[in-house]
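Residue numbers (our numbering), protein chains in the order written: chain A, 1309 to 1485; chain B, 2 to 288. C-beta: ideal position from N, C-alpha, C; glycine also. These numbers come from a predicted model, not from an experiment. To start, the structure itself, in structure tokens.
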Amino acid sequence: MDLAAHQRTLLALFRSSYEVRPDDDPYIRKVACSDDLKEARGNIFLWRVWVLERTAPLTFALLKGRNLVRRTVCAFIKGHNISPFRETHAPAFLEALSSHHESLIASVAQFELALLKVKQGDPGFHVVHWDIEPHAVLNNLARRLPFDAEVPKGSYEIHISRELPSLFRIVRVAQMH
Amino acid sequence: MLAQANTTIPVAIGTTYEGRDPKLLERMLPLVDYIEVTPETIAEVHDHKLALSHDVMTELKNIEKETQIVVHGVGLSIGSHEGWSSNYFQLLDALLEQIDVAWHSEHLGYTKVDGQHLGIMLALPKTDQVLDMVCERVIKIQERYPLPFLLENIVHVIPDFPGDYSEAGFLNALVNRTGCRLILDVYNLQCDEHNHGFDISGFLNEIELTKVRELHVACGVEHNGFLLDVHSKLTRSSTIRLAQNVVRRSEGSVELLVYEFMPEAVPGLGRNAIAQELRRLRLAFGD
């Protein structure tokens, strides 16, 4: 057997990027139409969900509250070569969501990513902009509580640094008129 | 603090610890002889590079006098056609420089293809070609690290490739050609039995149980009719009975039984239940 071809085809089957042909090896055809493959793909999704729920809890709670977990995690799996090193998942996931089209998701992801870096010893000073009042949002996400969709708008920054007593502070930015 | 499994053969008890939960560690330490550490799960990302967590390594250094440590990797990918993961060895090197380890181990499978991660671990085709490849790599590992090296049977998440060997025959050939020893994950055997009709009895009759040095027990959940290898539950009685059966037949080769659980399962299980599970295992393998 050609081990490289065998492994490449299985990888493609797991990524749903391979259409089985009639001349494929009978084993590959068997795997492709098996319930096992379908279940294993589901397991990969569940593994990611469990790890991200633990390692990116604020962003995950926000996505969960908006019923966006499945769609977002599936897109992340499809678009990234995710390492088996579990602690790499959260930074990659948060980096990906830091440019999310919804500003609140982007802000929470940027904040959580910066906090993660600082906790791991990053000496940098990070600034994340928010266009709503962050206290209630972060407090409720941390406590897994729903929050009012009509959070007061405003211009805020969260500063994140290991030099700050609680690693971050929320600052209201004065409007320039 | 060695336990016994209804025989005069002593079996030590161990469990998983992935750091960052000192309250859990405090509960577990008096109940175990070994702590199993996985380098990948105690690694952190610094400047886009993986490195062992300084905090977790400090925890491990602090318990070295109270317990023995074994290393159990998940990211080596010994069966990838293009070669294994060098990242894994960097972490293992760093870990071995800092703490004393009784032995180290990995899984007989692969997690990546051409550098692309599968997101899951797959079993290898049991062919002569693959046996040659894995044996060559095991020997290189044994030359690189002056420690016993063990390989573990993994769960089969897809149907098995029709190869040249049975499951037990492949493992027997591997240990006899390289001198490495085995971890037998008895919960994985139960998953394979449930999901694929695997013949555990026939496997145990064929495998050289005297080459098994460590057993793993765990439990997952049933989903869509499949029994999943997710390490999220307390061990089932049937798993313990199977482990006891292996110990009795191993002629004293099994030195350690490890209860595995993933950190994501701790909030659901609770620290008390994990401690109770370790007491239960000690009792089950006690006289």
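Cβ-based burial, residue i [other Cβ within 10 Å; buried from 16]
i: Leu-1453 (chain A); result: exposed
i: Glu-153 (chain B); result: buried
i: His-1485 (chain A); result: Note that His-1485 (chain A) scores 47 on pLDDT, short of 50, meaning its location in the model is unreliable and no value can be drawn from it.
i: His-224 (chain B); result: exposed
i: His-1409 (chain A); result: exposed
i: Asp-133 (chain B); result: exposed
i: Val-1481 (chain A); result: exposed
i: Glu-60 (chain B); result: buried
i: Cys-1382 (chain A); result: exposed
i: Phe-1401 (chain A); result: buried
i: Glu-1420 (chain A); result: buried
i: Gln-1 (chain B); result: Residue 1 (chain B) lies beyond the range of chain B shown here (2 to 288); nothing can be said about it.
i: Arg-145 (chain B); result: exposed
i: Glu-1327 (chain A); result: exposed
i: Lys-212 (chain B); result: buried
i: Ala-1312 (chain A); result: exposed
i: Val-1435 (chain A); result: exposed
i: Arg-242 (chain B); result: exposed
i: Met-263 (chain B); result: buried
i: Ser-1474 (chain A); result: exposed
i: Asp-288 (chain B); result: Confidence at Asp-288 (chain B) is low in this model, with a pLDDT of 48, below 50, so the placement of that residue should be treated as unreliable; the coordinate-derived value is given next. Flag for Asp-288 (chain B) reads exposed.
i: Ala-1450 (chain A); result: exposed
i: Asn-63 (chain B); result: exposed
i: Gly-15 (chain B); result: buried
Best match in the options for proximity to residue i [C-alpha to C-alpha]
i: Ile-208 (chain B); options: B:His-197, B:Gly-226, B:Val-231 and B:Gly-170; result: B:Gly-170
i: Val-293 (chain B); options: B:Ala-124, B:Glu-83, B:Ala-95 and B:Thr-128; result: The first residue shown for chain B is 2 and the last is 288, placing residue 293 (chain B) beyond what the model contains.
i: Gln-1428 (chain A); options: B:Gln-130, B:Asp-48 and B:Tyr-111; result: B:Asp-48
i: Arg-45 (chain B); options: B:Leu-243, B:Gly-116 and B:Gly-20; result: The sequence shown places Glu at residue 45 (chain B), not Arg. Here the closest residue by C-alpha is B:Gly-20.
i: Glu-265 (chain B); options: B:Ala-174, B:Asp-22, B:Gly-180 and B:Val-158; result: B:Asp-22
i: Ser-1391 (chain A); options: B:Tyr-111, B:Arg-281 and B:Gln-117; result: B:Gln-117
i: Gly-180 (chain B); options: B:Gln-277, B:Ser-233 and B:Val-135; result: B:Val-135
i: Tyr-35 (chain B); options: B:Val-12, B:Lys-24, B:Gly-269 and B:Thr-42; result: B:Val-12
i: Ala-103 (chain B); options: B:Ser-81, B:Ile-79, B:Pro-147 and B:Leu-123; result: B:Pro-147
i: Pro-1460 (chain A); options: A:Ile-1466, A:Ser-1406 and A:Ala-1444; result: A:Ala-1444
i: Thr-39 (chain B); options: B:Lys-50, B:Ile-70, B:Val-33 and B:Leu-32; result: B:Ile-70
i: His-157 (chain B); options: B:Met-122, B:Arg-145 and B:Arg-242; result: B:Met-122
i: Leu-183 (chain B); options: B:Asn-196, B:Glu-168 and B:His-55; result: B:Glu-168
i: Trp-85 (chain B); options: B:Val-267, B:Leu-151, B:Gly-110 and B:Leu-25; result: B:Gly-110
i: Leu-205 (chain B); options: B:Gln-245, B:Val-231, B:Ala-124 and B:Ile-14; result: B:Gln-245
i: Asp-186 (chain B); options: B:Glu-261, B:Leu-125 and B:Gly-198; result: B:Glu-261
i: Leu-190 (chain B); options: B:Leu-216, B:Asn-173 and B:Gln-143; result: B:Leu-216
i: His-195 (chain B); options: B:Ala-174, B:Arg-178, B:Asp-230 and B:Arg-28; result: B:Asp-230
i: His-1314 (chain A); options: A:Arg-1329, A:Ile-1336 and A:Val-1377; result: A:Ile-1336
i: Val-57 (chain B); options: B:Ala-95, B:Leu-257, B:Leu-77 and B:Phe-90; result: B:Ala-95
i: Asp-193 (chain B); options: B:Ala-174, B:Gly-226 and B:Arg-178; result: B:Gly-226
i: Ser-1325 (chain A); options: A:Asp-1310, A:Lys-1338 and A:Gly-1387; result: A:Gly-1387
Straight-line Cα distance separating residue j from residue i
i: Phe-162 (chain B); j: Gly-253 (chain B); result: 33 Å
i: Glu-1361 (chain A); j: Ala-1404 (chain A); result: 16 Å
i: His-105 (chain B); j: Gly-74 (chain B); result: 8 Å
i: Thr-240 (chain B); j: Val-218 (chain B); result: 7 Å
i: Gly-1462 (chain A); j: Ile-1478 (chain A); result: 12 Å
i: Ala-52 (chain B); j: Pro-1399 (chain A); result: 14 Å
i: Glu-37 (chain B); j: Gln-99 (chain B); result: 15 Å
i: Ile-1440 (chain A); j: Asp-101 (chain B); result: 51 Å
i: Asn-273 (chain B); j: Ser-238 (chain B); result: 19 Å
i: Thr-68 (chain B); j: Arg-250 (chain B); result: 27 Å
i: His-108 (chain B); j: Trp-1438 (chain A); result: 46 Å
i: Glu-65 (chain B); j: Leu-30 (chain B); result: 11 Å
i: Asp-1331 (chain A); j: Gly-164 (chain B); result: 20 Å
i: Gly-1432 (chain A); j: Arg-1323 (chain A); result: 37 Å
i: Glu-1471 (chain A); j: Ser-1407 (chain A); result: 26 Å
i: Glu-1395 (chain A); j: Lys-1425 (chain A); result: 12 Å
i: Glu-41 (chain B); j: Leu-284 (chain B); result: 31 Å
i: Ile-79 (chain B); j: Ala-1320 (chain A); result: 20 Å
i: Leu-1423 (chain A); j: Trp-1355 (chain A); result: 23 Å
i: Ile-1466 (chain A); j: Asp-1430 (chain A); result: 16 Å
i: Leu-97 (chain B); j: Ser-1411 (chain A); result: 45 Å
i: Gln-269 (chain B); j: Leu-282 (chain B); result: According to the sequence displayed, residue 269 (chain B) carries Gly and not Gln. In a straight line, the C-alpha of Gly-269 (chain B) is about 20 Å away from that of Leu-282 (chain B).
i: Asn-1375 (chain A); j: Tyr-188 (chain B); result: 34 Å
i: Ile-1 (chain B); j: Lys-127 (chain B); result: There is simply no residue 1 (chain B) to check, as chain B begins at 2 and stops at 288 in what is shown.
i: Ala-276 (chain B); j: Pro-149 (chain B); result: 29 Å
Residue-chain proximity (residue i, chain E), Cβ-Cβ < 8 Å
i: Gln-1428 (chain A); result: Of the protein chains in this structure, namely A and B, none is chain E.
Cβ-heavy atom distance, residue i to the ligand ATP, below 7 Å
i: Phe-227 (chain B); result: Summarising the ligand content, the structure contains no ligands, and the ligand ATP is consequently not present.
Original post:
Taking three-plus beta-carbon pairs below 8 Å as touching, is the segment 1339-1357 of chain A in contact with the segment 126-145 of chain B?
Top reply: no
Original post:
Quick one: complete beta strand (DSSP E) runs, 3+ long, within the segment 83-157 of chain B?
Top reply: 105-108, 111-114, 117-123 and 150-153
Original post:
What are the uninterrupted segments assigned as beta strand (DSSP E) that are 3 or more residues long and contained completely in the segment 1425-1458 of chain A, given in chain order?
Top reply: 1434-1440
**OP:** Evaluate contact between the segment 1367-1384 of chain A and the segment 219-235 of chain B, counting only Cβ atoms and requiring at least three cross-stretch pairs below 8 Å.
**Re:** no
Original post:
Could you give the uninterrupted runs of the alpha helix (DSSP H) lying entirely in the segment 4-88 of chain B, keeping only those of 4 residues or more?
Top reply: 23-29 and 55-64
Original post:
Which parts of the segment 208-242 of chain B are runs of the beta strand (DSSP E), unbroken and 3 residues or longer, counting only runs that do not cross its ends?
Top reply: 213-218
Original post:
Enumerated in chain order, which unbroken segments of the alpha helix (DSSP H) with a length of 4 residues or greater are wholly contained in the segment 1351-1405 of chain A?
Top reply: If only complete runs of 4 or more residues are kept, the segment 1351-1405 of chain A shows the alpha helix (DSSP H) at 1365-1373, 1377-1387 and 1397-1405, in order along the chain.
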